[in-house]
Amino acid sequence: MRLPDSVTARLQAAETELAAYPKLLDMFKKCYPNTLETTTRTLDDRSVFVITGDIPAMWLRDSSAQLRPYLPLAAEDAELQGVFEGAIRSQIRCVLLDPYANAFNEAANDQRYDQDLTELSPWVWERKYEIDSLCYPLQLAYLYWKETGRTEIFDDAFRSAVHTTIELWKTEQRHGQDSPYRFARTDCPPSDTLRNNRMGMPVNYTGMTWSGFRPSDDACTFGYLIPSNMFAVVVLRYVEEITRDVWNDPEGALLAAELREEIEFGIRTYGTVLHPKYGRIYAYETDGFGNFNLMDDANVPSLLSIPYLGYADASDPVYVNTRAFLLSEDNPYYYAGQSAKGIGSPHTPAGYIWPISLIMQGLTTDSEAEVREVLEQLQRTDADTGFMHEGFHADNPAEYTRPWFAWANSLFGEFMLRLIAKGFFEPKKEEKH
166 MRLPDSVTAR
176 LQAAETELAA
186 YPKLLDMFKK
196 CYPNTLETTT
206 RTLDDRSVFV
216 ITGDIPAMWL
226 RDSSAQLRPY
236 LPLAAEDAEL
246 QGVFEGAIRS
256 QIRCVLLDPY
266 ANAFNEAAND
276 QRYDQDLTEL
286 SPWVWERKYE
296 IDSLCYPLQL
306 AYLYWKETGR
316 TEIFDDAFRS
326 AVHTTIELWK
336 TEQRHGQDSP
346 YRFARTDCPP
356 SDTLRNNRMG
366 MPVNYTGMTW
376 SGFRPSDDAC
386 TFGYLIPSNM
396 FAVVVLRYVE
406 EITRDVWNDP
416 EGALLAAELR
426 EEIEFGIRTY
436 GTVLHPKYGR
446 IYAYETDGFG
456 NFNLMDDANV
466 PSLLSIPYLG
476 YADASDPVYV
486 NTRAFLLSED
496 NPYYYAGQSA
506 KGIGSPHTPA
516 GYIWPISLIM
526 QGLTTDSEAE
536 VREVLEQLQR
546 TDADTGFMHE
556 GFHADNPAEY
566 TRPWFAWANS
576 LFGEFMLRLI
586 AKGFFEPKKE
596 EKH
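Counted the way my numbering counts, the sequence shown spans residues 166 to 598.
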């Protein structure tokens, strides 16, 4: 896709803003436009299809996150508005085609990752049910509305997708009794399939809503994925506002509010653990039977990303405790090596750190020193490509996965723009004595 004028102008402005930081400037000039230049296509019906990069399918999660850094430019750029509205239309169509699927094809071409044992559609690339797949399109539409004031996206199809999402999340509050969803994959690692007759391990009612898989596309160990339930709470607040202020439907807003309160109750009641070293912290997963998974994964929603999602402030005491745990070797997926230290994922080999987690660390701190350390690590670990990757080896960043991973590139662009807006790269004025 040709870059919209506002994006080109933003890149030109960075030439001056980052002139004293040539490596960061080079990385920004490569990463920031990457989604629009290489992964975004306008179709004949003016819908927009956004592939994830080196996989020719559109993830509802990735496509939303890939476009997010362009939101601040959308109010004044009609071409960019067309990109957002076309992408949101595509996402909503996907949700209505199959709300349990996470990744979709551009056409009904029967392409898919694997011949999984689940309900298959020619439109679906992969059908791993992840709560966040339903959160992200609603989040993107809400943020787009707030940036532009445009409400054309909130049409009948969008309203149907909201209804579908709420009903599915209510169904998955009682997964064992009510859910129609089944999934299995053969000849694969355990993380790619659901145990217990394709249903996942048993869960008890908590008020939270069940997820089969994490935002890494790995299977949940325990079915209540805390950061994804937090994301659902945030998005349900957005739905309340849209339903009340755009559709003038107080009853619909009340339905969203009731579900939000039930999920929040579950998080508060079942989602924390008293850790002997860190105090009260959020668990990553639980089953409602007293089992917990204490970890974090780089993929967002993550526990590290709680303030970024908008669920709680960075100063929230439980988040502060949780963050201290996550950024320590007590988190089984935190790695420290010669080139970097940060959070990885069981989705990639042991010892691999994800740039997404490093960037998220920078986005969720008020510490200038921590931000500078994150920037230094990102510059050291791009393997001289100028791009972010999925994961890299903490001792040797030349060993990395996924050379074309647009979500990470977009998140880096978003991080840099936030720092530029704060004046982070401006010369410090000397104090007068």
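The C-beta atom is built at its ideal place from N, Cα and C for all residues, glycine as well.
- In this structure, M553 keeps its C-beta atom at 7 Å or more from the C-beta atom of L469.
- If one requires a minimum length of 4 residues, the alpha helix (DSSP H) runs lying completely within the region 441-499 are 471-474, 482-491, in chain order.
- Distance check between A266 and each of W288, L183, L189 places W288 closest, using alpha-carbon atoms only.
- Counting the other CB atoms within 10 Å of its CB gives K293 a total of 16 or more, which places it among the buried residues.
- Contact between the region 176-184 and the region 234-241 is absent, with fewer than three C-beta pairs closer than 8 Å.
- DSSP places K506 in the uninterrupted beta strand (DSSP E) bounded by 506-508.
- Here F214 has R206, L208, M223, S255, E271 as same chain residues with Cβ atoms under 7 Å from its own Cβ, once five neighbours each way along the sequence are excluded.
- Pairing Y307 with L225 gives a Cβ-Cβ distance that is not under 7 Å.
- At a Cβ-Cβ threshold of 7 Å, I296 and S381 do not count as neighbours.
- Rounded to whole angstroms, the gap between the alpha carbons of D547 and T173 is 23 Å.
- T336 is positioned such that its CB atom lies no closer than 7 Å to that of G453.
- Of the other Cβ atoms in all chains shown, 16 or more fall within 10 Å of the Cβ of C196; this residue is therefore buried.
- Between the region 184-204 and the region 573-587, the count of Cβ pairs shorter than 8 Å is three or higher; the stretches touch.
- When DSSP states are grouped into helix, strand and coil, M581 belongs to the helix group.
- Annotated as distal: S504 and A463, with beta-carbon spacing of 7 Å or more.
- V399 places its beta carbon less than 7 Å from that of G475.
- Here F490 has H440, K442, Y443, I446, L459, N496 as same chain residues with Cβ atoms under 8 Å from its own Cβ, once five neighbours each way along the sequence are excluded.
- Relative to the Cα of R545, the nearest Cα in the group M192, A185, L183 belongs to M192.
- Using a C-beta cut-off of 8 Å, the region 321-339 makes no contact with the region 348-363, since fewer than three inter-stretch Cβ pairs fall below that distance.
- In the DSSP assignment, F214 falls within the unbroken beta strand (DSSP E) covering 213-215.
- Taking a C-beta distance under 7 Å as the contact criterion, M373 and G431 qualify as a contact pair.
- The beta-carbon distance between L528 and R583, rounded to whole angstroms, is 7 Å. This is short enough to meet the 8 Å contact definition.
- CA-to-CA, the gap between F269 and P592 works out to about 46 Å.
- Short of 6 Å from the beta carbon of H512, and not among the five residues preceding or following it, lie these beta carbons of its own chain, in chain order: S381, D383.
- One Cα belongs to A501, the other to P482, and the distance between them is close to 25 Å.
- The DSSP-derived three-state label of Y278 is coil.
- If you ignore the 5 residues before and after L424, its C-beta comes within less than 7 Å of the C-beta of I331, W334, K335, L401, all in its own chain and listed in chain order.
- In the DSSP assignment, E538 falls within the alpha helix (DSSP H) that extends over 533-545.
- Residue ranges of uninterrupted beta strand (DSSP E) with 3 or more members, entirely inside the region 283-365 and ordered along the chain, are 289-291.
- In this structure, A421 places its C-beta atom within 7 Å of the C-beta atom of V404.
- Between Y278 and the set P221, P354, L390, the nearest pair of CA atoms involves P221.
- Spatial neighbours of D227 in its own chain (CB-CB distance under 6 Å, excluding positions within 5 residues in sequence) are listed in chain order as T217, W572.
- No Cβ-Cβ contact shorter than 7 Å links V248 with T316.
- If you draw a 10 Å sphere on the C-beta of R211, you find fewer than 16 other C-beta atoms in it, and that means exposed.
- Look at L390 here: in three-state DSSP terms it is strand.
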